[in-house]
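Reviewing the structure listed below.
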Amino acid sequence: MLQPGQVIAGRFRVLRALGEGGMGAVYEVEQLGLGRHVALKVMHPHIASAPGFSERFQREAHVLARLHHPGSVEVYDYGLDAGFLFLAMELVSGETVDALLQREGSLPVPRAVGLAVQVLEVLEAAHALGIVHRDLKPANLFLEAHLNGERVKVLDFGLAALGGELNARLTQEGMAVGTPGFMSPEQMRGLPLDGRSDLYSLGCVLYELLTGMPPFPVMASAEVAVAHLYKPIPSFREARPELSFPERLEAVVMKALEKLPGARPADAAALRQELLSVLAEPVGAAPKKRGEGKKSERGLGLGVRLEVPVPRPVAGGAPVAVLAPARQSAAGNTLVMSLGACGFEARLASEDEPLRGFGALLVVADGRESLVRASALASRPGSPPVLLCGPADDWDLVTGALEGGLFDFVPLPLDPIDLTRKVSRAQKLKR
6 MLQPGQVIAG RFRVLRALGE GGMGAVYEVE QLGLGRHVAL KVMHPHIASA PGFSERFQRE
66 AHVLARLHHP GSVEVYDYGL DAGFLFLAME LVSGETVDAL LQREGSLPVP RAVGLAVQVL
126 EVLEAAHALG IVHRDLKPAN LFLEAHLNGE RVKVLDFGLA ALGGELNARL TQEGMAVGTP
186 GFMSPEQMRG LPLDGRSDLY SLGCVLYELL TGMPPFPVMA SAEVAVAHLY KPIPSFREAR
246 PELSFPERLE AVVMKALEKL PGARPADAAA LRQELLSVLA EPVGAAPKKR GEGKKSERGL
306 GLGVRLEVPV PRPVAGGAPV AVLAPARQSA AGNTLVMSLG ACGFEARLAS EDEPLRGFGA
366 LLVVADGRES LVRASALASR PGSPPVLLCG PADDWDLVTG ALEGGLFDFV PLPLDPIDLT
426 RKVSRAQKLK R
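Next comes the structure, spelled out in structure tokens:
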């Protein structure tokens with residue numbers, strides 16, 4: 006912890022601490038000679054001492070210094086002094102969007118979309134330089150008073166963009182740089198990222214701006230990660246049934262929140278244009294009455310009983326096979342009944358029988374051996390898409406399903422929307 010009066014690199018005198026995060030602490034300092042006040046971000050010693058991080062830091066800081074946009078925080082200087090790895094940046098004043106949400110809750114559509122459009126303008130400039138933020142969230146968006154109204158400043162490009170090599174190392178240790186409630190599925194998995202990962206995170210932010218809550222609120226971090234990886238995003242009406250939203254706006258937000266990067270808008274400019282076109286339209290008619298297009302309350306076993314808008318299975322889709330070990334025979338039978346309740350033709354199958362005629366194969370998990378068995382089945386010539394069905398809190402199974410080349414993971418307890426959507430996707434792939 007730096008102390009007031011301490012001088013860093015012979016040119017920054019510490020005035021006061023401003024805050025602390027996972028990668029570093031932030032101070033208000035005076036830049037000697039120029040007499041201006043700036044923000045100094047100092048990496049935590051355990052971060053700064055990570056192998057190769059100092060060199061990576063200085064290379065990336067050089068790139069960040071080229072990012073010039075009214076909505077980004079200007080980088081003035083960077084360096085290493087007496088073991089302190091630092092980044093000197095523009096000092097901003099105002100409040101975070103997180104503080105705004107805590108005070109006001111959901112925002113009116115024009116204001117929420119307007120803020121998102123401003124962030125996308127910054128992302129366009131950053132992505133053009135190859136900079137991916139990696140940690141977009143309400144706490145990293147700052148609101149400043151401006152002559153033309155409020156202006157968004159995107160914070161922490163420095164710390165987030167500098168996390169590349171560190172992120173890879175931490176992911177191998179079961180961690181990830183970022184905030185689970187706003188991380189893209191590919192970031193959760195430790196995969197290479199491009200600008201579309203930031204679009205997913207911004208989709209989460211805009212969802213909260215509009216509804217007053219993140220897509221998956223009130224969950225432990227591991228549960229949030231599983232939800233972003235495998236569960237459908239709740240509709241606006243599910244989150245806030247008392248509010249009305251333009252249908253096209255919800256469609257745009259949900260497109261940004263697609264699990265697969267290729268299904269999202271191509272880039273920040275494309276998403277910005279879609280949002281601007283929504284703003285240009287008059288407010289649509291009131292939403293349909295609750296219950297329209299819904300099936301009646303149903304019990305699907307495995308702890309599921311709720312009223313949900315269940316998607317339709319693929320018309321004429323091939324039957325679904327369920328494979329369950331002897332100890333999970335009851336769970337296998339329940340899964341077959343659940344699939345039937347959702348409109349699928351399903352039956353229990355054996356590992357030894359030909360699987361070519363099935364549209365999808367669901368394997369009920371019973372420990373790691375089930376994961377190995379499912380991966381072996383998926384590698385068979387002519388095998389249908391294989392989905393592993395297991396507890397949502399078993400992180401080994403969740404990540405193992407991806408690494409083992411399986412089509413998808415179906416968490417328990419079953420969500421009928423999630424089950425129908427994933428099996429339908431598998432059937433379409435088989436066709």
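For the sequence shown, this note's numbering puts the final residue at 436, and the numbers step up evenly by one. Every residue gets a Cβ at the ideal spot worked out from N, C-alpha and C, and that includes glycine.
Within 10 angstroms of its Cβ, does residue i collect 16 or more other Cβ (buried), or is it exposed?
i, result
"Gln432", "buried"
"Pro418", "exposed"
"Ser54", "exposed"
"Pro416", "buried"
"Pro185", "buried"
"Pro190", "buried"
"Val377", "exposed"
"Ser226", "exposed"
"His132", "buried"
"Leu282", "One point to set straight first is that residue 282 is Ser, not Leu, in the sequence displayed. By the neighbour-count rule (16 or more Cβ atoms within 10 Å), Ser282 is not buried but exposed."
"Arg269", "buried"
"Arg201", "buried"
"Glu60", "exposed"
"Glu65", "buried"
"Ala326", "buried"
"Asp357", "exposed"
"Gln11", "exposed"
"Leu196", "exposed"
"Ala351", "buried"
"Pro143", "buried"
"Leu152", "exposed"
"Ser271", "Just to set this straight, residue 271 is Ala in the shown sequence, not Ser. Burial call: exposed."
"Ala335", "exposed"
Would a C-beta distance cut-off of 9 Å place residue i and residue j closer than the cut-off?
i, j, result
"Val391", "Ser380", "yes"
"Val97", "Leu160", "yes"
"Val210", "Leu276", "no"
"Phe412", "Ala365", "yes"
"Gly362", "Ser429", "no"
"Tyr32", "Arg21", "yes"
"Asp398", "Glu228", "yes"
"Leu69", "Ala130", "no"
"Met6", "Ala30", "yes"
"Ile238", "Pro220", "yes"
"Val34", "Phe62", "no"
"Glu263", "Tyr205", "yes"
"Ile13", "Ala87", "yes"
"Asn338", "Leu360", "no"
"Met48", "Phe89", "yes"
"Ser343", "Leu248", "no"
"Ser384", "Gly345", "no"
"Ala230", "Met188", "yes"
"Leu367", "Leu340", "yes"
"Val19", "Gln36", "no"
Between residue i and residue j, which are expected to be in contact by the criterion C-beta below 8 Å, what is the C-beta distance as a whole number of angstroms?
i, j, result
"Ser111", "Arg245", "7 Å"
"Lys46", "Leu92", "5 Å"
"His138", "Asp203", "5 Å"
"Leu328", "Ala261", "No, Leu328 and Ala261 are not in contact; Cβ-Cβ is about 36 Å, not under 8 Å."
"Ser77", "Val124", "With a Cβ gap of about 10 Å, Ser77 and Val124 do not count as contacting."
"Leu254", "Pro115", "Incorrect: roughly 11 Å between the Cβ atoms, too far for contact."
"Pro421", "Cys347", "6 Å"
So with Cβ pairs under 9 Å, would you call residue i a contact of chain C?
i, result
"Pro56", "The structure shown has no chain C; it contains just one protein chain."
For residue i, which residues of its own chain have a beta-carbon under 6 Å away from its beta-carbon, when the five flanking residues on both sides are left out?
i, result
"Leu120", "Val157"
"Ala406", "Leu393, Phe414"
"Glu155", "Leu148"
"Ser301", "At Ser301, the pLDDT of 31 sits below 50, so the modelled position is not reliable; the number obtained from the coordinates is stated separately. The answer is none, since no qualifying residue turns up."
"Leu214", "Leu112, Ala117"
"Val80", "Leu69, Ala70, Met94"
"Leu434", "Pro390"
"Pro330", "Asp371"
Using a Cβ-Cβ cut-off of 7 Å (strictly less than) and excluding sequence neighbours within five positions of residue i, which residues of its own chain qualify?
i, result
"Gln333", "Val369, Asp371"
"Leu280", "Val118, Ala121, Val122, Val257"
"Leu234", "Pro190, Met193, Val403"
Within the same chain, show all residues whose beta-carbon is closer than 8 Å to that of residue i, passing over the 5 residues directly before and after it, in chain order.
i, result
"Pro396", "Ala370, Leu402, Pro416, Leu417"
"Leu134", "Val68, Arg71, Leu72"
"Pro75", "Arg156"
"Gly24", "Ala30, Val31"
"Met224", "Ala232"
Could you tell me whether the segment 86 to 102 touches the segment 129 to 148, using the rule of 3 or more Cβ pairs below 8 Å?
Short answer: they touch.
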